[in-house]
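Residues in the first sequence are numbered consecutively from 0, following the numbering used here.
Since the structure comes first, as C-alpha cells, the remarks are kept for the end.
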Amino acid sequence: MPELPEVETTRRGLVPVLAGRSVARVEVLHPRMLRRQPDPVDFVPRLSGQVVGELRRRGKFLLIEVGEGLTWVFHLGMSGRMSITTREAPRHPHTRVVVRTDAGREVRMVDPRTFGFTSVLTADELAESSIARLGPDALTALPSARELASGAAGRRVATKTLLLDQRYLAGLGNIYADEVLFAAAVAGDRPAGSLSLAEVGAIRTAIGRVLADGLEHGGTSLDDLAYLLPDGRAGRHLEYLSVYGREGKPCRRCGAPIVKARINGRSSHRCPACQA
DNA sequence: AACGATCCCTGTTGGC
DNA sequence: TGCCAACAGGGATCGT
Numbered sequence: 000m001p002e003l004p005e006v007e008t009t010r011r012g013l014v015p016v017l018a019g020r021s022v023a024r025v026e027v028l029h030p031r032m033l034r035r036q037p038d039p040v041d042f043v044p045r046l047s048g049q050v051v052g053e054l055r056r057r058g059k060f061l062l063i064e065v066g067e068g069l070t071w072v073f074h075l076g077m078s079g080r081m082s083i084t085t086r087e088a089p090r091h092p093h094t095r096v097v098v099r100t101d102a103g104r105e106v107r108m109v110d111p112r113t114f115g116f117t118s119v120l121t122a123d124e125l126a127e128s129s130i131a132r133l134g135p136d137a138l139t140a141l142p143s144a145r146e147l148a149s150g151a152a153g154r155r156v157a158t159k160t161l162l163l164d165q166r167y168l169a170g171l172g173n174i175y176a177d178e179v180l181f182a183a184a185v186a187g188d189r190p191a192g193s194l195s196l197a198e199v200g201a202i203r204t205a206i207g208r209v210l211a212d213g214l215e216h217g218g219t220s221l222d223d224l225a226y227l228l229p230d231g232r233a234g235r236h237l238e239y240l241s242v243y244g245r246e247g248k249p250c251r252r253c254g255a256p257i258v259k260a261r262i263n264g265r266s267s268h269r270c271p272a273c274q275a
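Okay, structure coming up:
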C-alpha cells in the first residue's frame, strides 16, 4: 500500500510530466474519488485549463499547486497508483480519474478499491481540511527524539498505533511502521508513554533509515501489484522487508520465527526475540 | 481528551 | 472443483 516512500516516488515521477504544463482535459470515471471535494461539481472546472506549479508532498498526501491559489490534492489510499501514459494506451479497468496535459501525456489514477481520493481545494478549504492537521512529515521534517517523546508522554495507546496517527507524524503506514519498530527493537504493543528516551531515539533513527531505504528502492510493491511506479515498474523494496509479510519466516537478525498478531485491528509483524 | 470500534471498497485467499 | 466468508487497510466518524 502506498506510504511515504511510495507517494514520494510517485511525486518524483509526476514532476517532469506535470510541472509547468497546463491541464487540457479532465475525466472523472468514478465519482467516489471526489468524496473529499466539498462540492464535487467544482472538481473538473477548477482543474481544467490550469497551469501546474510545484508538486509537494505531506505525509501520504500529494499536493499540487494549480492556477492561482488552488491545490490539487491526491491520496492513493491503499490500492491507488498513478500511471503516466499516452492517450492511445489502453486503460486499465480500474482507472478512476484521467488528466491530460497540453503535451498530450495522460496521468491516470488507477485504484481498484477506491480508498483513494482527489480534490481541488481553495486555500481556505485546505486550511479546514484534515491535511492542515497532519503532523510533521516523517521524511523532511522528522522531529527530534525529545520532541517525539513529549508527544508520546502520558499516552497509553500502543506505540505502533501512535506511529500510524498522521497527526503525530505524517507518512508511516502499516508496512513501514512494523519495519521501524523492528529496526528500533521495540514491540509495537508497548504503551507509547512507557518508552524511554533512548527507545524513542532508536525509533527516530529507524524511521529515517527505513524510509530512506524504501525510497531508494522505489517503494514496496506487494505481490498483488497494487502499487507501481508511475512508469509501470514495480518498487523493489519488498525483498528488503524484515518483518512485514514474513510471518513464520526466520528473523534476519536472530533466526526466530516472525510472529503476526493484531494491534488495534491492524495486522502486525514482529520478532518476539529481538523486540521487547 | 483519549481511545477503540465501525465503515467504506473489491481483488485475493483459504477453508469446507 | 466451486463457492463463499474472511482478509487486506487509510482515514473519517461515532460511541464510550
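The C-beta atom is built at its ideal place from N, Cα and C for all residues, glycine as well.
In this text the structure is predicted, and so the values were computed from the model without any measurement.
Under the three-state reduction of DSSP output, E105 falls in the strand class. Between G52 and E64, the C-beta spacing is below 8 Å.
A contact between stretches requires three or more CB pairs, one per stretch, nearer than 8 Å, and the segment 66-77 meets this requirement with the segment 1-21. By the 16-neighbour rule on beta-carbons within 10 angstroms, S266 is exposed. Only residues of its own chain outside the window of five on either side were considered, and among them G12 and I83 have a CB closer than 7 Å to the CB of D230, listed in chain order.
By a beta-carbon distance limit of 8 Å, V27 does not contact V119. Their separation comes to about 11 Å.
With respect to the 8 Å criterion, T117 and M32 are classified as neighbours on the basis of their beta carbons.
The secondary-structure analysis by DSSP pairs T117 across a beta bridge with F73.
For the 8 Å CB-CB criterion, R166 and R99 do not form a contact. Here DSSP, grouped into helix, strand and coil, assigns I206 to helix. Straight-line spacing of the CA atoms in R45 and C250 works out to 51 Å. Checking the DSSP bridge columns, you'll see S266 partnered with R261. In this structure S195 is exposed. Its beta-carbon is surrounded by fewer than 16 other beta-carbon atoms within 10 angstroms. For the alpha helix (DSSP H) assignment, the uninterrupted runs of no fewer than 4 residues enclosed by the segment 4-88 are, from N- to C-terminal side, 42-46.
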